[in-house]
Amino acid sequence: INVSSVGRQHVEGVCAIRPSSTKVALRAVQLERRAARKLQQQTNTSSLMTPPGHDNTAHLPLSSTMKDSYWIDIETPQRSTDELYEFLKQLRLPPFFVSILSEPFNWTSEVVALKQVALAIFQILPTNPNENVEITHVALLSMPRLLVTFHTFSSQNEDDANVVEEGLLYRLVSQHAKQRGRVPEPSNSGMLLAWLQFHVRRTARAIRELRLAAVEMDRAMDRDHIGNFDFEQLVETKNCLLRVLSVAEEQHGTIEAVAVAEEGTEGLDFGNCGGALSMLRANASSNERLSSRVDKHLNELRERVMSHREDTLNQRLALLTILSAIFMPLTLLSGIWGMNFVNMPELEYENSYQIALFGMFALALCLVYSFHRTGWSS
111 INVSSVGRQH
121 VEGVCAIRPS
131 STKVALRAVQ
141 LERRAARKLQ
151 QQTNTSSLMT
161 PPGHDNTAHL
171 PLSSTMKDSY
181 WIDIETPQRS
191 TDELYEFLKQ
201 LRLPPFFVSI
211 LSEPFNWTSE
221 VVALKQVALA
231 IFQILPTNPN
241 ENVEITHVAL
251 LSMPRLLVTF
261 HTFSSQNEDD
271 ANVVEEGLLY
281 RLVSQHAKQR
291 GRVPEPSNSG
301 MLLAWLQFHV
311 RRTARAIREL
321 RLAAVEMDRA
331 MDRDHIGNFD
341 FEQLVETKNC
351 LLRVLSVAEE
361 QHGTIEAVAV
371 AEEGTEGLDF
381 GNCGGALSML
391 RANASSNERL
401 SSRVDKHLNE
411 LRERVMSHRE
421 DTLNQRLALL
431 TILSAIFMPL
441 TLLSGIWGMN
451 FVNMPELEYE
461 NSYQIALFGM
471 FALALCLVYS
481 FHRTGWSS
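Using my numbering, read the sequence shown as starting at 111 and increasing by one per residue.
Right, here's the structure in full:
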């Protein structure tokens with residue numbers, strides 16, 4: 111478990127992300143809930159006692175965006191654990207949310223928003239998109255002043271190259287969020303947008319790399335003979351693109367669902383970071399369109415290779431057809447003269463063997479010339 115506080119910094123446009131503790135973060139959430147309930151009671155009471163037309167919002171407390179928010183990042187095994195379940199109980203979540211979050215191996219892309227909390231399960235690329243590994247899902251739990259991110263790690267042997275370094279994802283997102291302008295607002299919603307933008311940009315980089323690979327293969331086809339093209343490289347690139355394309359589509363759909371879910375929950379508030387949300391939605395949509403174009407490009411390259419292979423096969427079949435047509439009458443003549451009849455006068459002629467060879471050779475030349483004139487040999 112990694113815990114950070116998200117607050118304002120003196121440098122404009124830079125968010126301060128400092129280490130914190132789970133106890134402090136959960137205490138802040140409890141205080142925020144109490145303050146929200148108290149504010150709701152005061153609002154209801156004042157609305158009954160305030161004369162019509164009087165503004166009763168002048169004495170409301172400061173927004174929670176002026177306070178530090180907290181980000182808790184949790185790495186959990188793919189199977190449910192008692193430790194994860196106990197942590198979820200501390201958040202006082204609805205049983206439905208607890209059942210979803212405690213079973214990471216069943217996660218699928220979805221967005222669920224209740225009054226005080228919102229849950230989004232988001233699909234991300236693996237650490238190395240070129241590896242043939244399962245697509246990773248992460249869960250984001252957002253509530254006033256608190257963002258909790260859950261992601262799984264492999265329980266394979268430490269010698270396996272696919273094992274991700276512990277805390278790597280948390281450090282990468284933290285470095286991204288500490289840069290100027292990455293976190294549009296020091297709140298749970300602002301940190302949520304920064305977290306989503308980080309993974310959307312990772313997807314964009316993967317798509318750009320695949321596009322460059324497709325362009326390089328296209329140039330190689332034009333520069334070198336297409337028969338020397340490495341078709342296995344095209345197949346691997348296509349398989350990698352299909353994985354990235356599925357992630358891009360899921361990310362776009364999830365982000366659109368998060369934007370719509372803001373209206374029905376207090377766990378999301380993009381009022382002060384609408385521009386960042388619009389940019390995030392545009393980037394996710396751009397990733398989906400760009401990956402579709404790269405997919406179309408790779409399909410065209412595949413069709414070129416397959417068309418060349420078919421042309422080569424047809425040329426070889428045409429050559430075999432010509433050879434068969436040339437030797438067919440020669441085979442007929444040799445079959446006739448090879449029959450075991452007693453009376454075959456042509457076998458007794460003088461120089462009959464030489465005449466037969468010359469005739470067969472002349473017939474073969476005539477056939478070759480005929481095929482050449484009709485365009486078969488080309």
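Think of the CB as a built atom: it goes at the ideal place given N, C-alpha and C, for glycine as much as any other residue.
Query	Result
Secondary structure of residue 403, DSSP reduced to three states	helix
Span of the beta strand (DSSP E) around residue 232	228-234
Option in 480, 248, 343, 221 with minimal Cα separation from residue 279	248
Proximity below 7 Å, CB of residue 308 to CB of residue 283	yes
Counterpart residues of residue 256 in DSSP-defined beta bridges	180, 253
Local Cβ density within 10 Å of residue 424, reported as buried at 16 or more and exposed below that	exposed
Residue 310, DSSP secondary structure in three states	helix
When 388, 436, 256, 356 are compared against residue 490, the one with the closest alpha-carbon	Given a span of 111 to 488 for the chain in the structure shown, any question on residue 490 remains unanswerable.
Where residue 385 falls, given that 16 or more other Cβ within 10 Å makes a residue buried	exposed
Closest residue to residue 310 among 291, 341, 390 (Cα-Cα distance)	390
Inter-residue spacing [alpha-carbon to alpha-carbon] between residue 201 and residue 136	7 Å
Member of 258, 318, 252 whose CA lies at the smallest distance from the CA of residue 396	318
Residue 342 - containing alpha helix (DSSP H), residue span	341-371
Neighbourhood of residue 231 by C-beta, 6 Å cutoff - its chain only, sequence neighbours within 5 removed	217, 219, 220, 247, 249
Residue burial classification, residue 482 (beta-carbon count within 10 angstroms, cutoff 16)	exposed
contact_flag[the segment 250-257, the segment 395-411] where n(CB pairs < 8 Å) is 3 or more	no
At least three beta-carbon pairs within less than 8 Å, the segment 285-294 to the segment 202-216	no
Exposed unless 16 or more other CB atoms sit within 10 angstroms - verdict on residue 168	Low per-residue confidence applies at residue 168: pLDDT is 44, beneath 50, and the placement is therefore not dependable enough to give any value.
Beta bridge counterpart(s) of residue 185 as assigned by DSSP	261
Closest by C-alpha distance to residue 392, when choosing among 406, 362, 374	362
Straight-line Cα distance separating residue 348 from residue 132	43 Å
Strand pairing of residue 112, partner residues [DSSP]	183
Inter-stretch contact (C-beta, 8 Å, three-pair minimum) for the segment 433-453 and the segment 464-479	yes
Buried or exposed by the 16-neighbour rule on C-beta atoms within 10 Å, applied to residue 228	buried
Identity of the residue in 285, 453, 312, 448 nearest residue 301 by Cα	285
Residue 434 versus 477, 422, 407, residue with shortest Cα-Cα distance	477
Within 7 Å, strictly: CB atoms of residue 194 and residue 212	yes
Rounded C-alpha distance that separates residue 410 from residue 416	10 Å
Residue from 297, 383, 412, 382 whose Cα sits closest to the Cα of residue 331	412
Close Cβ partners of residue 457 (< 6 Å) along its chain, the five nearest in sequence each way excluded	none
Any C-beta of chain B under 7 Å from that of residue 181	You won't find chain B in this structure, because it holds only one protein chain.
Counted within 10 angstroms of its Cβ, other Cβ atoms place residue 171 as buried (16 or more) or exposed	Note that residue 171 has pLDDT 44, beneath the 50 cutoff, so the model's placement of it is unreliable and the number below is only indicative. Classification of residue 171: exposed, given that the 10 Å Cβ count is below 16.
Bounding residues of the beta strand (DSSP E) (the contiguous stretch that carries residue 452)	Where residue 452 is concerned, there is no enclosing beta strand (DSSP E), given that its DSSP letter is neither H nor E.
Residue 378 vs residue 299 beta-carbon contact at 7 Å	yes
Beta-ladder partner(s) of residue 129, from DSSP	114
Buried versus exposed call for residue 198 [16 or more other C-beta atoms within 10 Å across all chains shown]	buried
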